[in-house]
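So in UniProt numbering the end of the sequence shown lands on 125, straight run, no missing numbers.
Yeah, the Cβ is synthetic: ideal placement off N, Cα and C, and Gly gets one too.
So the structure is just underneath, and the comments pick up after that.
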Amino acid sequence: MVAAASAILFSPAAGGGSDRVPGRDLNAMFALNAQLLAGPDVKIEPGATSVNLPERGHLVNSNGQMALQLLKTGDTLPAAVPVLNAVRDAATGLDRITVPAVAGAPERTILVNPAPPPAAPSDTA
1 MVAAASAILF
11 SPAAGGGSDR
21 VPGRDLNAMF
31 ALNAQLLAGP
41 DVKIEPGATS
51 VNLPERGHLV
61 NSNGQMALQL
71 LKTGDTLPAA
81 VPVLNAVRDA
91 ATGLDRITVP
101 AVAGAPERTI
111 LVNPAPPPAA
121 PSDTA
């Protein structure tokens with residue numbers, strides 16, 4: 001009875017903390033297509049291992065929410081950033097991207113479903 005009453009009186013808000021996923025705040029887990037930052041004059045060829053960018057993205061905590069901060073490259077911030085390439089898994093049809101290990105975090109694998117989304121929502125009626 002006491003356990004039920006304490007669960008009712010001290011329950012956290014529904015969904016509270018669900019946006020905080022372990023490992024989600026690692027910079028290596030959030031990739032941005034480098035071509036979006038490089039601009040139209042820079043061509044990133046297939047198989048490239050790095051690209052020079054005029055700015056780099058950095059994830060920061062702003063007022064309790066994740067935000068992308070863009071920093072200009074130059075004297076103290078190197079312009080070269082690694083390019084991660086996807087490899088198609090023939091067995092599953094998924095694209096596999098390996099994010100290298102960084103200090104305090106192991107190597108990670110991201111699976112991407114390359115199938116295009118449906119053109120229109122299906123009828124659920």
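The three-state reading of DSSP puts residue 67 in strand, counting E and B together. Contact check for residue 115 against residue 97 fails: the beta carbons are separated by 7 Å or more. Straight-line measurement puts the Cα of residue 81 at about 23 Å from the Cα of residue 88. Shown here, residue 94 sits in coil according to DSSP, grouped into three states, outside any helix or strand. The beta carbon of residue 69 sits closer than 6 Å to the beta carbons of 58 and 60 from its chain, once the five residues preceding and following it are set aside; these are given in chain order. A residue is called buried once 16 or more other Cβ atoms fall within 10 Å of its Cβ, and residue 112, having fewer, is exposed.
Judged by DSSP secondary structure, residue 80 falls within the beta strand (DSSP E) whose first and last residues are 80 to 82. Annotation for residue 36: the continuous alpha helix (DSSP H) segment containing it runs 34 to 38. As DSSP reads the structure, residue 110 sits in a beta bridge with 97.
Using a Cβ distance threshold of 7 Å, residue 83 and residue 105 do not count as a contacting pair.
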